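Take the sequence shown: its position 93, counting from 1, is numbered 140 in our numbering, and each next residue is one higher. For glycine and all other residues, C-beta sits at the position ideal for the given N, C-alpha and C. Only a predicted model underlies this, so the values are computations on that prediction, with no experimental measurement involved. Here is the structure we will look at.
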Amino acid sequence: MSTIQDTTVRLTSQDDWEDWQIQFEGLARGKNIWDIITGDKVERELPFEPNDDDIPPAGSTRSSSTTSHADYQLAWTIYRTRLEQYNKQQMDLNKVREWMQKTVSPHIYTVTCDPSEPLKEWYDNLQKNVGIDKSRIQDLAMELYQKALKTPKQKDILSWLNNWENAMQKATKAKLPVASFPKQWIKDFLGVVRPLNPVWVESYWIAQEEKIKTGDLSFRKVSQDFRDSLSRIPNASLAKIAKGSFGPTFAAKEDDSRGDNDSEEEPVPTNKQGQKRKSDSDRSGFNSHRAAQRVSNRSPRRIPGEFNCQKVGRS
C-alpha cells in the first residue's frame, strides 16, 4: 500500500518564496479569488435584505399591486442569489486564510498577516517582506539547473531525473535562455546521462535530430524516453555500463582480433585455482622434504669390513 507524501511548502525564508507562491497562486485560482489578491477585482459586499417599503400598499389597484408584488419577489430572488455568492466567496477566502496560517512561519505571519486586514493585504505584506524579485528568481533557477548537470550514481538515477525535471520547470518559468533553446538543454542532458547509457544517447540523437533542431521536443518527453530506456536494461548491465561506458565496445574488438588463437592458448587459472595449485605444490614439497629427513636420519646399512676400514682410516 503506497503512502501519500505531504508536498505542502512551508514559508520560512526567501528561499521558500518561489515554491510557496506557486502553491498559493494555484490554491487562489482554484477558489476563483486570484483576481482579488492581485487587485483586479474587489470582494463581494454583504447584500441588504429587501425592506418593508417594497411591499405594495393595501389600497392599490389590482394591476399596480401585481406589478409591485412581482418587483418585490424579484428583489428577494436577487438578494438570495447575491447572499449565496457572498457566502461562497467568504468561505473560499477563509480557506485560503487557514492555509496561510498553516504554511507561513509564525515569526513571519505575526508581522505580515493582521487579522483585521483583507487577504490581499496579507499577500502584499508577505511579498514585501519575504518575496524575491525576478532577477533573484532567475539566479536561483540557474543555480538549480547547474546542480542538475552532474552524472548521478546508478541507485540515484530516478531521483536525479525528478530533480532535473524540477530544475527545467523552474528554468522555463524564470524564462532562462537555456530553457528557450531545446538544442542547448538537450545537449546538456545527453552529456550527463551518456556514461549511464552511451548506446541510447547516440541512437536517440540520431533519431530525434530533426526535432531537436526545430525545437519540437519537450524536456518531459526526453526525460520519459530515458526512463523507458532504463526499464529495458537489466540492473547488472546498467552497473557494468556505469563503471566503464566504452568497456564492452573495446572488449568486443579485442575478441575479434584474437580470432581462433584463443582456443589454442592455455586458459589462465583463476585466483582460486592458482591458490589451490600453489597450495598443492607447497604441500608436495613439504612432504618430500620430510621424507628426505627421515632417510637421512636412518643409520646406514653396514657393509662387511666397511666399519673397520673407516675406523682404521681415522686412526
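Going by other Cβ atoms of all chains shown within 10 Å of its Cβ, with 16 needed for buried, is lysine 202 buried or exposed?
-> exposed
Confirm, please, whether the CB-CB distance from tryptophan 169 to threonine 159 is below 8 angstroms.
-> yes
Would you mind reading off the limits of the alpha helix (DSSP H) that contains glycine 238?
-> 229 to 240
Can you pull the DSSP bridge partners for valine 151?
-> Leu58
Going by the CB atoms, is the gap between alanine 214 and valine 225 shorter than 8 angstroms?
-> no
Specify the secondary structure class of proline 94 as computed by DSSP and reduced to three states.
-> coil
Give, in chain order, every unbroken run of the alpha helix (DSSP H) that is at least 4 residues long and sits entirely within the stretch 183 to 221.
-> 204 to 220
Of all the options His116, Arg57, Gln136 and Glu96, which has the alpha carbon lying nearest to the alpha carbon of isoleucine 84?
-> Gln136
Can you tell me which of the three DSSP states valine 246 falls into?
-> helix
Given 8 angstroms, three or more beta-carbon pairs between the stretch 232 to 240 and the stretch 263 to 270 | yes
Go through its chain and collect everything with a Cβ distance to aspartate 66's Cβ below 7 angstroms, but skip five positions before and after it.
-> Val56
Could you spell out where the alpha helix (DSSP H) holding glycine 262 opens and where it closes?
-> Note, glycine 262: premise wrong, no alpha helix (DSSP H); not H, not E.
To which residues of the same chain is glutamate 96 closer than 7 angstroms at the C-beta, ignoring the five residues directly before and after it?
-> Tyr126
Check valine 225 in the structure and name its three-state DSSP category.
-> helix
From what residue to what residue does the alpha helix (DSSP H) around lysine 175 run?
-> 166 to 176
For lysine 88, name the three-state secondary structure that DSSP assigns.
-> coil
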